[in-house]
Amino acid sequence: MGGYPGQQPQYGVQDGQRPFVPPIEFDPPLSEEEATMQVAAVAVPPAVEPLADLAEERAAQQQEVAAEPTAPAPSGGGGKVASLLNSSAIMAAGTLVSRGTGFLRTMVIAGAIGIAVMGDSYNAANTLPTLLYILIGGGALNAVFVPQLVRSMKNDEDGGTAYASRLLTLVMVGLGGVVFLAVLGAPLLVQLIAHPLMVDPASADTTVALARYCLPTIFFMGIHVVMGQILNARGRFGAMMWTPVLNNIVVIFTFGTYIWVYGGYNGTQVTPGNISPEGVRLLGLGTLLGLAVQALSMIPYLRAAGFHYRPRFDWRGHGLGKAARLAKWTFFFVLANQAGYLVITQLATAAGSAAEKSGHGGVGLSAFSNALLIWQLPQAVITVSIMSAVLPRLSRAAADEDAGAVRDDISYGLRTTAVAVVPAAFLFLSLGPAIGRSIYAVGGGSTALDNATNVGLMLSAFALGLIPYSAQYVMLRGFYAYEDTRTPFSNTVWVAACQAVFSLICWVVLPSEWTVTGMSFGYGLGYAIGVMVAVPKLKKKIGGLDTKRIGRTYSRLAAACVPAAVVGLGISLAIQQVLGGWPGSVLSVVLGGGVQLVVFAFIAKRLRIEELNAMLGMVRGRLGR
Numbered sequence: 065m066g067g068y069p070g071q072q073p074q075y076g077v078q079d080g081q082r083p084f085v086p087p088i089e090f091d092p093p094l095s096e097e098e099a100t101m102q103v104a105a106v107a108v109p110p111a112v113e114p115l116a117d118l119a120e121e122r123a124a125q126q127q128e129v130a131a132e133p134t135a136p137a138p139s140g141g142g143g144k145v146a147s148l149l150n151s152s153a154i155m156a157a158g159t160l161v162s163r164g165t166g167f168l169r170t171m172v173i174a175g176a177i178g179i180a181v182m183g184d185s186y187n188a189a190n191t192l193p194t195l196l197y198i199l200i201g202g203g204a205l206n207a208v209f210v211p212q213l214v215r216s217m218k219n220d221e222d223g224g225t226a227y228a229s230r231l232l233t234l235v236m237v238g239l240g241g242v243v244f245l246a247v248l249g250a251p252l253l254v255q256l257i258a259h260p261l262m263v264d265p266a267s268a269d270t271t272v273a274l275a276r277y278c279l280p281t282i283f284f285m286g287i288h289v290v291m292g293q294i295l296n297a298r299g300r301f302g303a304m305m306w307t308p309v310l311n312n313i314v315v316i317f318t319f320g321t322y323i324w325v326y327g328g329y330n331g332t333q334v335t336p337g338n339i340s341p342e343g344v345r346l347l348g349l350g351t352l353l354g355l356a357v358q359a360l361s362m363i364p365y366l367r368a369a370g371f372h373y374r375p376r377f378d379w380r381g382h383g384l385g386k387a388a389r390l391a392k393w394t395f396f397f398v399l400a401n402q403a404g405y406l407v408i409t410q411l412a413t414a415a416g417s418a419a420e421k422s423g424h425g426g427v428g429l430s431a432f433s434n435a436l437l438i439w440q441l442p443q444a445v446i447t448v449s450i451m452s453a454v455l456p457r458l459s460r461a462a463a464d465e466d467a468g469a470v471r472d473d474i475s476y477g478l479r480t481t482a483v484a485v486v487p488a489a490f491l492f493l494s495l496g497p498a499i500g501r502s503i504y505a506v507g508g509g510s511t512a513l514d515n516a517t518n519v520g521l522m523l524s525a526f527a528l529g530l531i532p533y534s535a536q537y538v539m540l541r542g543f544y545a546y547e548d549t550r551t552p553f554s555n556t557v558w559v560a561a562c563q564a565v566f567s568l569i570c571w572v573v574l575p576s577e578w579t580v581t582g583m584s585f586g587y588g589l590g591y592a593i594g595v596m597v598a599v600p601k602l603k604k605k606i607g608g609l610d611t612k613r614i615g616r617t618y619s620r621l622a623a624a625c626v627p628a629a630v631v632g633l634g635i636s637l638a639i640q641q642v643l644g645g646w647p648g649s650v651l652s653v654v655l656g657g658g659v660q661l662v663v664f665a666f667i668a669k670r671l672r673i674e675e676l677n678a679m680l681g682m683v684r685g686r687l688g689r
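Under the numbering used here, the first residue of the sequence shown is numbered 65, with each subsequent residue one higher.
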């Protein structure tokens, strides 16, 4: 069977079949790191990295599979729930550390170059390589070549070493060529994702220069993912989840050095027109070095796992071509996702440039990306972790044609993730501006506070969209359990198209200073439509949903969150009337958010939300150890 020796079939795989690994949904912000797992940070555009998420989710899924007992746990029962919650908590811890350093990274970046036009220039340059990597082959590496690695490890006489060496060599050669062409074509690529930055000559020169430093990170993203998957196939999961933290540390040091040498944004008001060539070189090389350190730090782990790389160019006749052909739907999936994001990137950049000219800075791509980073945190820490624990059992139930068990697991995933996601959404709604100022205006002046407030307003606009964003993620696992990738692709087309249309409407209807805030609301609304499209299809596939219990949980959570949010908002506004600036914002988040959560817990307890009680019991149990 496909899998590790002595391991249960993976993701619904039967003996003799190719292991199925669901493609990872790459959502912006795209950053090298994000691209890697969450594992890391860079969310990929701004401050969250796609690769990071990929690595984190993939590593977490495989770790959970490897750790499961030989016999599947019986459906239902408190033991199953406690086990899943404990496994999910362990995975979430790794995500939280990488996200924490990612937040610190974005704070330092904002402190150095701000979140106005210079921030947009850097973020566009840093987003470009991740978009290209994911579009060219990131999804295929995870969804197609990883199962081949696992199979070759089991079946080949050398334990899969030759196959892994061929794959790593192929990726290095292929991505090396991509980097060469991308660096040459950097002006055209920047024009594609951020045309407004190319209108002004100074902005164009700075953005293209930064892009040429950042584009070689494509190479290091690719080899990091391949080396990480080689380790995962050998049961070594930690490296891929934690090495992106090194990337964050290097970038933090780089931008900290920039502040030390040139001064922070509050003092310099740096723009693409007045930044020095040496400053551009420092930021670009530091970003590139971060990814290089992240990738090369995998080498000692590979050696410890018994893998010794030797360049192999004998690619023909060893299954690499067949594996590439299997990537078709993954490519289409990623293409749809990124096409929609390209529209958002162009419009956010254009709106930010227009608003800057009218005296409203900090309302463009950087602000959107930073708000998106905060908004995605509950999804990365809670939803991904819980569903990574659920997916192996969900897939086995699908393989056994046990639709009832599939329904139970989907219901469990929706209800359990909602316990954290719904309160988080209302917290972002009520305290968004205060949260934005607390994170992105540390000790700053009026300009920094105004720009950070814009981030917070976008966070509030994103807020309620977190609920369908998480729900859709859970429901798509139901299709993946049946090895159905076409339905998630069509669903992604709906979401991306709606987000693009909503963004265009905001561009036409709203003033430039409010365009991206409206786009933030439309971004979440696109996921709500995605849920409406997915629900009837999922009901048809599994014979219905546990609608009554799911609806009861969500309605009770909303009933507890609404009054709590009103109280939290009132306290926040009162504090900021008395104590303004950054200190007032921090106090608003601490006191307003704390009281809001207490009020929520008080009401939720009386509404007897059982999933909340289970999660709190798990937390108390772990703290009591």
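C-beta: ideal position from N, C-alpha, C; glycine also. Note that the structure is predicted; figures quoted are calculated from it, not measured.
- With contacts defined as CB atoms closer than 9 Å, Thr225 and Phe371 qualify as a contacting pair.
- With at least 16 other beta carbons inside 10 angstroms of its own, Pro260 counts as buried.
- Within its own chain, the residues whose Cβ lies closer than 7 Å to the Cβ of Thr517, once the five positions on either side in sequence are excluded, are Pro497, Gly500 and Arg501, listed in chain order.
- Annotated as distal: Pro532 and Leu621, with beta-carbon spacing of 9 Å or more.
- In the structure shown, Asn338 adopts coil according to DSSP, grouped into three states.
- Taking C-beta atoms under 8 Å as the contact rule, Leu458 and Val445 fail to qualify, at a distance of about 20 Å.
- When only Cα atoms are considered, Phe283 and Val243 end up about 7 Å apart.
- In the DSSP assignment, Met262 falls outside any alpha helix (DSSP H) and carries neither an H nor an E.
- The three-state secondary structure of Asp514, taken from DSSP, is helix.
- Membership of Val181 in the alpha helix (DSSP H) is indicated by the continuous run Val181 to Tyr197.
- A direct Cα-Cα distance of roughly 15 Å separates Ser619 from Ala629.
- Taken through DSSP and simplified to helix, strand or coil, Phe283 comes out as helix.
- For Met362, the secondary structure class from DSSP, reduced to helix, strand or coil, is coil.
- Taken through DSSP and simplified to helix, strand or coil, Glu420 comes out as helix.
- By the criterion of at least three beta-carbon pairs nearer than 8 Å, the stretch 274 to 283 is in contact with the stretch 246 to 256.
- The residues Ala400, in chain order, have a CB closer than 6 Å to that of Val557 in the same chain once the five nearest residues on each side in sequence are set aside.
- CA-CA distance, Tyr476 to Val254, rounds to 43 Å.
- Minimum Cα-Cα distance from Val427 among the listed residues Ala176, Gly183, Leu676 and Met171 corresponds to Gly183.
- The Cβ atoms of Gly588 and Leu528 sit closer than 9 Å to each other.
- By the neighbour-count criterion, in which a residue is buried when 16 or more other Cβ atoms sit within 10 angstroms of its Cβ, Glu577 is buried.
- Around the beta carbon of Asn312, 16 or more other beta carbons lie within 10 angstroms, which makes this residue buried.
- In chain order, Arg479, Thr480, Ala482, Val483 and Thr617 place their CB closer than 8 Å to the CB of Glu675, counting only its own chain and leaving out the 5 sequence neighbours on each side.
- In this model, Leu661 and Ile294 are separated by some 42 Å (Cα to Cα).
- DSSP places Gly404 within a helical segment (H, G or I) once states are collapsed to three.
- The alpha-carbon separation between Ser452 and Gln443 amounts to approximately 12 Å.
- For the pair Val181 and Tyr405, the Cα-to-Cα distance works out to about 19 Å.
- Contact between the stretch 184 to 196 and the stretch 428 to 435 is present: 3 or more CB-CB pairs across the two stretches fall below 8 Å.
- A direct Cα-Cα distance of roughly 46 Å separates Phe585 from Tyr227.
- By the criterion of a C-beta distance shorter than 6 Å, Ser534 is surrounded in its chain by Gln443, Thr447, Thr481 and Val485, once the five residues flanking it on both sides are discounted.
- Selection Arg345, Ala258, Leu168 and Leu310 evaluated against Val407 yields Ala258 as nearest (Cα-Cα).
- DSSP places Leu310 in the uninterrupted alpha helix (DSSP H) bounded by Pro308 to Tyr326.
- The C-beta separation of Leu530 from Trp439 comes to about 6 Å, placing the pair in contact by the 8 Å criterion.
- Apart from the 5 residues on each side of it in sequence, Ala418 sits with its Cβ closer than 7 Å to the Cβ of Ser576 in its chain, given in chain order.
- Gly590 is the residue among Pro552, Gly590 and Ala545 whose C-alpha sits nearest the C-alpha of Val565.
- The beta carbon of Leu643 lies closer than 7 Å to those of Leu651 in the same chain, with the five residues before and after it left out.
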